[in-house]
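Position 393 (the sequence shown) corresponds to 393 in full-length UniProt numbering; numbering is contiguous.
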Amino acid sequence: MSYLTIENQQLHVPNDPIIPFIAGDGIGPEIWEASRKVIDAAVAKAYSGEKQIQWTEILAGEKAFKETGEWLPEATLTAIKTAKVALKGPLTTPIGGGIRSLNVALRQDLDLFACVRPVRYFNGVPSPLKEPEKTNMVIFRENTEDVYAGIEFAKGTAEVNALISLLQEQFQVTKIRFPETSAIGIKPISQEGSQRLIAAAIDYALENGHKTVTLVHKGNIMKFTEGGFKNWGYELAETEYAEKTFTMNQYATIAEKSGKPAADEAYQQAKAAGKLIINDVIADNMLQQILLYPEKYEVIATCNLNGDYLSDALAAQVGGIGIAPGANINYHTGHAIFEATHGTAPDIAGLGKANPCSLLLSAGMMLTYLGWGEAAHLVEQAIEKALTTKQVTADFAHSMTGATEISTAAFGELLVTIINE
Ligand code: NAD
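Below, the structure is given as structure tokens:
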């Protein structure tokens with residue numbers, strides 16, 4: 001049993017890595033129990049028993065609170081720091097003043113700056129779209145900045161009054177419409193924070209043979225924050241990735257200097273040379289684009305709030321949160337938490353109705369991250385095959401014609417059987 005290590009930005013993975021898991025609250029334990037068997041079966045099959053994850057439970061959420069009096073014990077953070085990677089079920093957000101969302105706390109404490117959400121369609125999954133198979137994207141959402149920094153001041157407080165006075169007196173701001181009754185939030189977006197996220201998206205696109213990376217922003221309104229995100233993204237591509245990319249910013253410059261045909265020519269040459277095209281789309285337009293022309297988009301890099309909206313909209317397009325995986329990653333330190341993207345689903349907890357696919361596909365992302373892509377492939381393939389049998393959990397059974405509803409545990413067993421076939 002040993003830990004993952006990182007040397008020269010390279011992850012070294014032993015054959016029996018210690019990987020901590022947080023089962024989670026609500027449906028967490030059910031989906032975890034089902035998923036664990038599937039993951040272990042896939043690893044055993046892919047590597048003929050040579051590799052095996054050593055799972056160790058760590059506590060967070062309600063279970064942690066009951067056992068230790070703390071929602072997020074320090075020991076949990078230490079365990080993830082040591083092990084580098086963890087798998088996590090959903091956690092209840094404690095209600096009450098002064099307690100941070102546990103998910104946000106984990107992301108911030110480990111500086112997991114990229115929230116990575118692949119969105120693809122699995123044949124047979126109920127979807128509101130006519131052609132859901134055209135949706136196949138990976139979202140890189142910035143995870144540490146933007147309005148999520150939590151810098152907000154309530155109406156009527158000394159802080160907000162001081163801030164409003166400062167803005168009015170020192171910065172001659174006249175546009176606060178109702179200064180007496182305004183609350184104020186602050187949106188920090190930095191060059192460093194934006195570029196490390198965009199670099200992760202570009203690296204991912206290059207490694208996986210994608211043709212485009214789309215920067216999604218609201219820079220037409222927020223010129224320095226979200227406009228900065230776009231500009232810094234183009235700047236990064238044109239300097240650090242100059243050999244491998246062509247940006248629509250370069251296109252615009254050529255068009256301005258030498259005309260549109262010259263810009264089109266440069267674009268076609270870049271495409272023919274296999275360069276990665278970096279373009280940008282304004283956030284509100286992007287919500288139309290993903291519905292109307294999803295096939296045009298492959299890798300998306302975006303600020304925190306846009307990413308939040310986009311990932312849920314995209315997840316709904318391909319069958320909802322029961323099947324949408326996610327990861328929070330710091331590509332510099334190697335720390336990563338792979339997690340189900342849905343919540344604790346208290347309405348169905350304990351009833352065996354939960355769909356384990358979100359956690360399972362997140363575990364698949366983790367296996368890929370470890371370099372165990374063969375095992376990840378077996379998990380995805382088993383889900384694909386299981387869906388063709390139309391034996392599915394309640395969420396899918398309701399809207400799939402001819403489907404038989406089976407429990408969370410039974411769905412897990414079905415996947416194990418398929419893997420071992
Ligand atoms: P939710 O995701 O728990 O549930 C929304 C709806 O989706 C419910 O009808 C639920 O039954 C269904 N659903 C969710 N996951 C499902 C699955 N795997 N299979 C089948 N159906 C599923 O969202 P909510 O009700 O807004 O939040 C409940 C709790 O979860 C809150 O405490 C919230 O703070 C927390 N939460 C945690 C996370 C996380 O840990 N990452 C994310 C979102 C919400």
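Cβ coordinates follow ideal geometry from the N, Cα and C atoms, glycine included. All figures in this text were calculated on a predicted structure; none of them were measured in a lab.
Using a threshold of 6 Å, is the CB atom of Ile22 nearer than that to any non-hydrogen atom of the ligand NAD?
no
On a CA-only basis, which of Glu413, Asn420, Leu370 is nearest Tyr3? Give me that one, please.
The closest CA to that of Tyr3, considering only Glu413, Asn420, Leu370, is found on Leu370.
Tell me which residues share the same chain as Glu339 and place their Cβ nearer than 6 Å to its Cβ, disregarding the 5 neighbours each side in the sequence.
Lys88, Gly326, Ser362
Tell me, please, whether the segment 338-356 touches the segment 215-228 by the rule of three or more beta-carbon pairs shorter than 8 Å.
These segments do not touch.
So Glu67 packs on Leu77, CB below 8 Å; how close in whole Å?
The pair is not a contact, with the Cβ atoms about 16 Å apart (cut-off 8 Å).
Relative to the C-alpha of Arg36, which residue among Thr93, Cys357, Ala83 is closest?
Cys357
Closest to Ile418 by CA distance: which of Ala272, Met400, Gly69, Ala386 is it?
Ala386
Taking 6 Å as the cut-off, is the C-beta of Pro126 nearer than that to any heavy atom in the ligand NAD?
no
Which residue spans inside the segment 19-81 form an unbroken beta strand (DSSP E) run of at least 3?
54-57
Could you check how far apart the C-beta atoms of Asn330 and Asp111 are, in whole angstroms? I think they sit under 8 Å.
5 Å
Report all residues from its chain with a CB closer than 6 Å to the CB of Ile39; omit the five preceding and five following residues, and keep chain order.
Ala363
Could you tell me the distance, in whole angstroms, from the CA atom of Pro90 to the CA atom of Ala23?
8 Å
Under 6 Å: does the beta carbon of Leu91 sit that close to some heavy atom of the ligand NAD?
yes
So, do the segment 158-178 and the segment 111-125 have three or more beta carbon pairs nearer to each other than 8 Å?
no
Terminal residues of the continuous alpha helix (DSSP H) containing Lys260?
Lys260 -> alpha helix (DSSP H) spans 260-272.
When the Cα atoms are used, what is the spatial distance from Glu7 to Thr82?
14 Å
Does the segment 231-240 come within contact of the segment 255-275, defined as at least 3 CB pairs closer than 8 Å?
no
From the DSSP output, in three-state form, read off Leu91 for me.
Leu91 sits in coil when the DSSP states are folded into three classes, being neither helix nor strand.
Going by the beta-carbon positions, is the gap between Thr214 and Ile290 smaller than 7 Å?
no
I want to check one thing, is the minimum distance from the CB of Gly322 to the heavy atoms of the ligand NAD below 6 Å?
Because some heavy atom of the ligand NAD lies under 6 Å away, the Cβ of Gly322 counts as near it: yes.
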